[in-house]
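Trainee: Sending over a structure as structure tokens; questions will come in a sec.
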Amino acid sequence: MRSSQEEFENAVNRVKLLKKDPGNEVKLKLYALYKQATEGPCNMPKPGVFDFINKAKWDAWNALGSMPKETARQSYVDLVSSLSSSSMSSSQVKPGADRKQQEYENLVVTSEDGITKIMLNRPTKKNAINTQMYQEIILALKAASKDNSVLTVLTGNGDYYCSGNDLTDFSGITAGEIEEKVKNNLDMLRVFVNSFIDFPKPLIAVVNGPAVGIAVTILGLCDAVYASDRATFHTPFSHLGLSPEGCSSYTFPKIMGPAKAIEMLVFGKKLTAEEACARGLVTEVFPDNTFQKQVWARLKAYSEFPANSIRISKQVIRNMEKEKLYAVNAEECSVLQERLLSNECINAAVNFLSRKAKL
Ligand SMILES: CCCCCC/C=C/C(=O)SCCNC(=O)CCNC(=O)[C@H](O)C(C)(C)COP(=O)(O)OP(=O)(O)OC[C@H]1O[C@@H](n2cnc3c(N)ncnc32)[C@H](O)[C@@H]1OP(=O)(O)O
1 MRSSQEEFEN AVNRVKLLKK DPGNEVKLKL YALYKQATEG PCNMPKPGVF
51 DFINKAKWDA WNALGSMPKE TARQSYVDLV SSLSSSSMSS SQVKPGADRK
101 QQEYENLVVT SEDGITKIML NRPTKKNAIN TQMYQEIILA LKAASKDNSV
151 LTVLTGNGDY YCSGNDLTDF SGITAGEIEE KVKNNLDMLR VFVNSFIDFP
201 KPLIAVVNGP AVGIAVTILG LCDAVYASDR ATFHTPFSHL GLSPEGCSSY
251 TFPKIMGPAK AIEMLVFGKK LTAEEACARG LVTEVFPDNT FQKQVWARLK
301 AYSEFPANSI RISKQVIRNM EKEKLYAVNA EECSVLQERL LSNECINAAV
351 NFLSRKAKL
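Residues in the sequence shown are numbered from 1 upward in steps of one, following full-length UniProt numbering.
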């Protein structure tokens with residue numbers, strides 16, 4: 001639920017009444033969310049390296065990128081609620097450690113049995129990812145990286161896993177606003193993808209139905225991908241005048257070889273779950289009628305493995321590639337920024353909006 005201005009102001013007042021010092025990390029988070037909620041994205045000059053306190057504040061605020069004010073307000077209210085209701089005296093907030101569910105507008109996030117589940121929750125829009133959902137996934141991954149779960153799962157609510165980027169995101173804005181909106185969105189996309197690159201624990205995609213666009217490319221950064229046999233994998237970037245993102249220009253050729261990667265990323269070949277599994281993008285395929293039961297039994301068993309060993313092993317396998325992946329992500333976002341402003345892309349979006357073209 002969206003928080004009202006009144007709830008936000010109440011939360012600001014409640015912070016002053018906290019009995020225990022929440023610690024510097026939380027105070028920085030509160031500061032950043034407050035600034036984002038009241039002033040929007042950070043556009044202050046960066047303080048000098050020796051101005052430690054102001055630099056830490058600036059870093060925290062700047063890390064929120066283009067998060068909308070509304071999302072920042074909601075996150076601030078949630079954070080203050082967790083602090084007020086918590087009996088923790090530690091200086092660390094442990095999201096998910098002391099409660100089962102966190103409120104988001106477009107996600108349902110639950111923690112149970114050592115597993116944090118992040119479920120995309122816009123089933124009537126086939127779980128298309130709008131700006132707010134991107135921001136919420138960034139926040140949910142951040143929280144999951146710090147909670148006491150062993151595994152984190154990404155899945156979708158309803159018949160789709162996810163229909164990719166919300167193609168209506170640019171509707172209703174004027175020609176004069178488009179360049180700035182595209183730039184802000186691409187800054188956000190870079191942070192979004194980096195939060196997958198940086199995720200410290202095993203991240204499992206439970207692909208319950210068709211996946212499109214960025215929902216497919218990001219699978220290359222997940223540690224296991226379990227798919228229903230009803231799932232399909234489609235990256236129609238060329239149909240949309242776009243180019244690959246989610247580090248897929250690097251991960252897909254590595255996973256399946258350049259020719260098969262180009263078939264998907266350039267020529268938009270849609271794969272069945274079995275085909276995606278044969279190419280190494282999917283770990284295992286399950287019959288749809290037993291999918292949830294089988295996958296969750298498997299995950300429950302994995303979540304009982306020693307947590308530190310699992311986390312460290314994932315990091316040993318993944319960390320070697322991090323610098324490369326940051327660079328790939330930055331380059332893909334820069335190319336995509338141009339593509340999004342191209343006539344090819346604008347025409348494709350207009351076609352979608354007028355429902356002339358169904359893929
Ligand atoms: C942040 C920076 C930008 C990054 C850009 C990089 C791009 C990454 C990508 O992800 S590209 C891929 C984008 N996605 C698509 O092209 C899919 C578009 N959708 C479809 O083709 C179809 O909707 C479908 C095949 C997914 C499902 O078809 P169908 O079963 O016939 O259902 P509907 O079309 O009636 O859909 C139901 C409902 O959902 C809305 N919807 C579906 N997908 C999207 C979407 N991607 N964006 C916005 N809305 C979507 C659809 O409009 C319907 O809404 P309505 O009931 O009409 O209100």
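Just so it is clear, CB atoms sit at the ideal spot from N, CA and C, and this is done for glycine as well.
The structure displayed is predicted, hence computed values, not measured ones.
1. Thr-283 and Ser-248: beta carbons closer than 7 angstroms?
2. Judging by CA-CA distance, which residue of Ala-60, Thr-155, Val-150, Leu-325 is the nearest neighbour of Val-225?
3. For the alpha helix (DSSP H) that contains Ser-248, what are its first and last residues?
4. Quick one: does the C-beta of Leu-219 sit closer than 6 angstroms to a heavy atom of ligand 1?
5. Let me know the secondary structure DSSP gives Tyr-31 once reduced to three states.
6. Given 6 angstroms as the limit, tell me if Asn-10 has its C-beta closer than that to any heavy atom belonging to ligand 1.
7. Per DSSP, what kind of secondary structure is Val-77 in: helix, strand or coil?
8. Along the chain, which unbroken stretches of the beta strand (DSSP E) at least 3 residues long are found entirely within the segment 135 to 188?
9. Under a Cβ-count criterion, where at least 16 other Cβ atoms within 10 Å of its own Cβ denotes burial, should Glu-323 be classed as buried or exposed?
10. Nearest CA to the CA of Val-206: which residue from Ile-310, Leu-28, Lys-19, Ala-227?
11. Relative to ligand 1, what is the chain-ordered list of residues with a Cβ closer than 5 angstroms to any of its non-hydrogen atoms?
12. Does the count of Cβ pairs from the segment 293 to 306 and the segment 190 to 197 closer than 8 angstroms reach three?
13. Run the CB neighbour count on Phe-286, radius 10 Å, all protein chains shown included, and call it buried at 16 or more, exposed below.
14. Could you tell me the distance, in whole angstroms, from the CA atom of Gln-337 to the CA atom of Lys-20?
15. Pick from Asp-169, Ala-215, Ser-171: whose alpha carbon is nearest that of Ile-137?
16. Taking the CB atoms as reference points, tell me whether His-234 and Lys-270 lie closer together than 7 angstroms.
17. Mind checking whether Asn-208 and Tyr-134 have CB atoms under 7 angstroms apart?
18. Apart from the five residues just before and just after Pro-22, which ones in its own chain have a Cβ nearer than 6 angstroms to its Cβ?
19. Can you grab the Cα-Cα spacing for the pair Glu-112 / Pro-202, in whole Å?
20. Output yes or no for whether 7 angstroms exceeds the beta carbon distance between Ser-243 and Val-335.
21. Could you tell me if Pro-306 is buried or exposed, where buried requires 16 or more neighbouring beta carbons within 10 angstroms of its beta carbon?
22. Can you tell me where the alpha helix (DSSP H) with Lys-117 in it begins and where it stops?
23. Mind listing, in chain order, the continuous alpha helix (DSSP H) runs of no fewer than 4 residues lying wholly within the segment 232 to 312?
24. Pick out whichever of Ala-348, Lys-27, Gln-294 has its Cα sitting closest to the Cα of Asn-54.
25. If we define contact as Cβ-Cβ less than 7 angstroms, is Tyr-302 a contact residue for chain B?
26. To the nearest angstrom, how far is it from the Cα of Ser-342 to the Cα of Glu-179?
27. Can you give the Cα-Cα distance for Ser-171 and Ser-66, rounded to whole angstroms?
28. Whole angstroms is fine: what's the gap from Thr-290's alpha carbon to Gly-280's?
29. Ordered along the chain, which non-local residues of its own chain (more than five positions away) have a Cβ less than 6 angstroms from that of Ile-173?
30. Just the Cα atoms here: how many angstroms apart are Ile-255 and Thr-168?
31. Within the segment 205 to 233, note down every full beta strand (DSSP E) run reaching 3 residues or more, in order along the chain.
32. Evaluate Gln-5 with the Cβ neighbour count: other Cβ atoms within 10 Å of its Cβ, from every protein chain shown; 16 or more gives buried, anything less gives exposed.
33. Take Gly-268 and list the residues in its own chain whose beta-carbon comes closer than 6 angstroms to its own, dropping the five residues that flank it on each side.
Mentor: Quick look at the numbers:
1. Ser-248 sits away from Thr-283, with the two beta carbons spaced by 7 angstroms or more.
2. Of the candidates Ala-60, Thr-155, Val-150, Leu-325, the residue whose Cα lies closest to the Cα of Val-225 is Thr-155.
3. 248 to 256
4. Leu-219 Cβ: outside cutoff for every heavy atom of ligand 1.
5. helix
6. no
7. helix
8. 151 to 156
9. Classification for Glu-323: exposed.
10. Ala-227
11. Lys-125, Lys-126, Ala-128, Ser-163, Gly-164, Asn-165, Asp-166, Leu-167, Thr-168, Asn-185, Leu-189, Val-212, Gly-213, Ile-214, Leu-359
12. No, because fewer than three Cβ pairs between the segment 293 to 306 and the segment 190 to 197 fall closer than 8 angstroms, the two stretches do not touch.
13. buried
14. 45 angstroms
15. Ala-215
16. Lys-270 sits close to His-234, with the two beta carbons spaced by under 7 angstroms.
17. no
18. Leu-83
19. Approximately 16 angstroms, taken between the alpha carbons.
20. Val-335 is positioned such that its CB atom lies closer than 7 angstroms to that of Ser-243.
21. exposed
22. Per DSSP, Lys-117 belongs to no alpha helix (DSSP H); it is in the beta strand (DSSP E), 115 to 120.
23. 248 to 256, 258 to 265, 273 to 278, 291 to 303
24. Lys-27
25. The structure shown has no chain B; it contains just one protein chain.
26. 11 angstroms
27. 18 angstroms
28. 22 angstroms
29. Lys-181
30. 31 angstroms
31. 224 to 228
32. Under this definition Gln-5 is an exposed residue.
33. Pro-236, Ser-238, His-239
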